[in-house]
Amino acid sequence: MPGASGGNTEGSCEALCRTLVSQNGLQRETADISQSVLYTSLMGLLLVTDDEKEQLNLGSGRVGLRNIGNTCFLNAVVQCLSHTRGLRDYSLLKSYRHEKFSQDEAKLMEAFSQVLSGLWDVNGEDRVVNPRQFYSVFKEGVPYFSGYSQQDAQEFLRFLLDRLHTEINRRPYVRRTGKELEQKYAKFRIAEEAAAMWKKHLERDDSKIVDIFSGQLRSSLHCSVCSHYSTTFDVFCDLSLPIPKRSSVREVTLRECLDLFSQEEKLDKENSPMCERCNRRTESTKRLSIQRFPQVIVIHLNRFTTSRWSISKSTVYVSFPLTKLDLGPYGPVDCGPVLYDLYAICNHSGTVNMGHYTACCLELKGWCFYNDSSVTSISENQLQTNQAYVLFYQRSNGTATVRK
Ligand SMILES: [Zn+2]
């Protein structure tokens, strides 16, 4: 179940049962099947899955990527995704081929899978993978990336996940209509409204990418004139966090960035949306919170500020926890702790125009530093630098699931 990882085995089996029942149209035939029968057949399925996993004869993953002309942004992001276990296994097992939802060929997914096969090749160590084929397929779909100039890793990550999702979307033929999203669920409580919006999202957009990376953001708006509250929900694949600006301080914590992100923001008339009750733009306050937590949360430290004339980069040191990042305080009221562990970092060094991207990823034997074709071990105390740009956190097992 997307965004609801964790829980005990029975809990997740139950969830899987529900998913299977709803996805495979088993509903009619198995409506009165006993739970134990379903459980037994499910265990069989799980065993099959484990067998499949064993067939995945993985190398160490300590394989670099060739820089084919200003492509360090691509190399760093691919290494981070290559260490996103759920996505890696899905790609290597070529599960998208079995899913076959769209008639169109999953060209980018195939090319991505090809790169990952090279990176996890059992005999791959001391070799370097060339991402040229993958990059050219990507550029075909996103011509914006065609130039040879420095590209933004975060932007690339967003485009890449979006393109992959489109190719492996389990609902490829459901049309989106803008109006639908505007529908109001005034009679529901917040949680039900959020769940209804999420369900609507899955009716159009449902893929392994969504399973892993998508969460739901809640935006609460409060009109300063009539005190009317309204709530909107948006799906996110990453959180882009502002870095607090205080001239005297050289170091901030990730928590401070999260606090700034979720703190109440005053909007003047021009920037406020229409108040439903006043029926005009009014001064209002806005607050963001996480309504549904993803399995993997991608945190983008927004170091680049675009002003009218130029782009500047913040080199403030942002400290972040390697384990047990608790996002509970930014979730629904009383949701309890929601813990995440870090497994990959995409770094940006240098300036806006002359920069370089690298990645740090957690391997079975510890952390590795990926600098294009070079891969070296790195100790935990070398991970935190003022170059950290995108952080990849995996929800840790055994934490309480979020209450609805
Ligand atoms: Zn109002």
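Start counting the sequence shown at 61; every next residue gets the next number (our numbering).
Positions of the beta carbon are idealized from the N, C-alpha and C atoms, including for glycine.
Classify aspartate 271 as helix, strand or coil using the three-state DSSP reduction.
-> Within the sequence shown, the letter at position 211 stands for residue 271. In the three-state scheme derived from DSSP, where H, G and I count as helix and E and B as strand, aspartate 271 is classed as helix.
What do you reckon, are the CB atoms on leucine 116 and serine 142 nearer than 8 Å?
-> Translated into positions along the sequence shown, residue 116 becomes position 56. Translated into positions along the sequence shown, residue 142 becomes position 82. No; because the gap between Cβ atoms is not below 8 Å, this pair is not in contact.
Given valine 197, which residues of its chain have a CB within under 6 Å of its CB, disregarding the five upstream and five downstream residues?
-> As a position in the sequence shown, residue 197 is number 137, starting the count at 1. Excluding positions up to five away in sequence, the list reads Lys167, Leu168 and Ala171.
Run the CB neighbour count on isoleucine 303, radius 10 Å, all protein chains shown included, and call it buried at 16 or more, exposed below.
-> For the purposes of this step, residue 303 is taken as the residue at position 243 of the sequence shown. With at least 16 other beta carbons inside 10 angstroms of its own, isoleucine 303 counts as buried.
Does the Cβ of arginine 352 lie closer than 7 Å to at least one heavy atom of ligand 1?
-> Start at 1 with the first residue of the sequence shown, and residue 352 comes out as number 292. Every heavy atom of ligand 1 is 7 Å or more from the Cβ of arginine 352, so no.
Cβ-heavy atom distance between valine 123 and ligand 1 below 7 Å?
-> The residue labelled residue 123 in the question sits at position 63 within the sequence shown. Checking every heavy atom of ligand 1 against the Cβ of valine 123, none is found closer than 7 Å.
How do the region 260-271 and the region 225-232 stand: do at least 3 beta-carbon pairs fall below 8 Å, yes or no?
-> Of all C-beta pairs linking the region 260-271 to the region 225-232, three or more are shorter than 8 Å, placing the two stretches in contact.
Ranges of the beta strand (DSSP E) found wholly within the region 399-457, counting only runs of at least 3 = Runs of the beta strand (DSSP E) inside the region 399-457: 399-410, 415-423, 426-431, 434-437 and 448-455.
When we look at the beta-carbon of serine 372 and count the other beta-carbons within 10 Å, is it buried (16 or more) or exposed?
-> Here residue 372 is taken as the residue at index 312 of the sequence shown, counted from 1. Label assigned to serine 372: exposed.
Sequence-distant residues of the same chain with beta carbon closer than 7 Å to arginine 310, five excluded per side | Within the sequence shown, the letter at position 250 stands for residue 310. So the list reads Val376 and Tyr377, once near-sequence residues are dropped.
Taking just the CA atoms, how far does leucine 262 sit from glutamate 253?
-> Numbered from its first residue, the sequence shown carries residue 253 at position 193. Numbered from its first residue, the sequence shown carries residue 262 at position 202. In this structure, the straight-line span from the alpha carbon of glutamate 253 to that of leucine 262 is close to 14 Å.
On the DSSP bridge assignment, give the partners of cysteine 335 in chain order.
-> The residue labelled residue 335 in the question sits at position 275 within the sequence shown. Beta-bridge pairing links cysteine 335 to Arg340.
With distances taken between CB atoms, is the gap from phenylalanine 380 to glutamine 442 smaller than 8 Å?
-> Position 320 of the sequence shown, counted from the first residue, corresponds to residue 380. Position 382 of the sequence shown, counted from the first residue, corresponds to residue 442. In this structure, the beta-carbon distance from phenylalanine 380 to glutamine 442 does not fall below 8 Å.
Might you give, ordered along the chain, the residues of its own chain that have their beta carbon closer than 6 Å to the beta carbon of tyrosine 417, omitting 5 neighbours on each side?
-> Counting from 1 along the sequence shown, the entry for residue 417 is found at position 357. Taking tyrosine 417 as the centre and dropping the five residues before and after it, the same chain places the C-beta of Cys132, Phe133, Ala136, Ala213 and His408 closer than 6 Å to its C-beta, in chain order.
Indicate whether arginine 347 and serine 322 have their beta-carbon atoms separated by less than 8 Å.
-> Within the sequence shown, residue 347 is the residue found at index 287, counting from 1. Within the sequence shown, residue 322 is the residue found at index 262, counting from 1. Going by C-beta atoms, arginine 347 is nearer than 8 Å to serine 322.
Quick one, which of Arg148, Phe219 and Ser120 has its alpha-carbon nearest asparagine 183's?
-> The residue given as residue 183 occupies position 123 in the sequence shown. Ranked by how close their Cα comes to the Cα of asparagine 183, the residues Arg148, Phe219 and Ser120 have Ser120 in first place.
Burial state of histidine 158, where buried means 16 or more other Cβ atoms lie within 10 Å | In the sequence shown, counting from the first residue as 1, residue 158 sits at position 98. Histidine 158 sits exposed, since fewer than 16 C-beta atoms from the chains shown fall within 10 Å of its C-beta.
To which residues does DSSP link glutamine 355 through a beta bridge?
-> Here residue 355 corresponds to residue number 295 of the sequence shown, with the count starting at 1. Partner(s): none; glutamine 355 has no beta bridge.
Give the DSSP bridge partners of arginine 278, in chain order.
-> Position 218 of the sequence shown, counted from the start, is the residue given in the question as residue 278. For arginine 278, which the question treats as bridged, DSSP gives the partners Phe293 and Ser349.
With a cut-off of 8 Å on the beta carbons, I'd call cysteine 335 and valine 285 a contact; round off their distance for me.
-> In the sequence shown, counting from the first residue as 1, residue 335 sits at position 275. In the sequence shown, counting from the first residue as 1, residue 285 sits at position 225. Taking C-beta atoms under 8 Å as the contact rule, cysteine 335 and valine 285 qualify, at a distance of about 7 Å.
Limits of the unbroken alpha helix (DSSP H) element including serine 142 = In the sequence shown, counting from the first residue as 1, residue 142 sits at position 82. For serine 142, the enclosing alpha helix (DSSP H) stretches over residues 132-142.
Pick out whichever of Ala448, Asn130 and Tyr430 has its Cα sitting closest to the Cα of methionine 414.
-> Your numbering for residue 414 matches position 354 in the sequence shown. Nearest C-alpha to methionine 414: Asn130.
In angstroms, rounded to a whole number, what distance separates the CA positions of isoleucine 250 and cysteine 421?
-> The residue you call residue 250 lines up with position 190 of the sequence shown. The residue you call residue 421 lines up with position 361 of the sequence shown. In a straight line, the C-alpha of isoleucine 250 is about 37 Å away from that of cysteine 421.
So does threonine 345 have its beta carbon nearer than 7 Å to some heavy atom of ligand 1?
-> In the sequence shown, counting from the first residue as 1, residue 345 sits at position 285. No, since every heavy atom of ligand 1 falls outside the 7 Å radius drawn around the Cβ of threonine 345.
Between phenylalanine 205 and the rest of its own chain, which residues show a CB-CB distance below 8 Å, the 5 nearest in sequence each way excluded?
-> Locating residue 205 in the sequence shown gives position 145, counting from the first residue. Answer for phenylalanine 205: Phe198, Lys199, Gln211, Phe216 and Phe219, listed in chain order.
Taking leucine 277 as the reference, which of Ser162, Asp298, Phe161 and His288 has the closest Cα?
-> For the purposes of this step, residue 277 is taken as residue 217 along the sequence shown, with counting starting at 1. Among Ser162, Asp298, Phe161 and His288, the Cα nearest to that of leucine 277 is on Asp298.
Please report how far the alpha carbon of leucine 118 lies from the alpha carbon of threonine 436, in whole angstroms.
-> What you label residue 118 is simply residue 58 of the sequence shown in a count that begins at 1. What you label residue 436 is simply residue 376 of the sequence shown in a count that begins at 1. Distance between the alpha carbons of leucine 118 and threonine 436: 19 Å.
What is the rounded straight-line gap between the Cα of cysteine 382 and the Cα of alanine 404?
-> The residue given as residue 382 occupies position 322 in the sequence shown. The residue given as residue 404 occupies position 344 in the sequence shown. The sequence given here has leucine at residue 382, not cysteine. Straight-line Cα distance between these residues: approximately 10 Å.
Span of the alpha helix (DSSP H), counted from its first residue to its last, around lysine 154 = Within the sequence shown, numbered from 1, the residue matching residue 154 stands at position 94. Run containing lysine 154: none; DSSP gives neither H nor E here.
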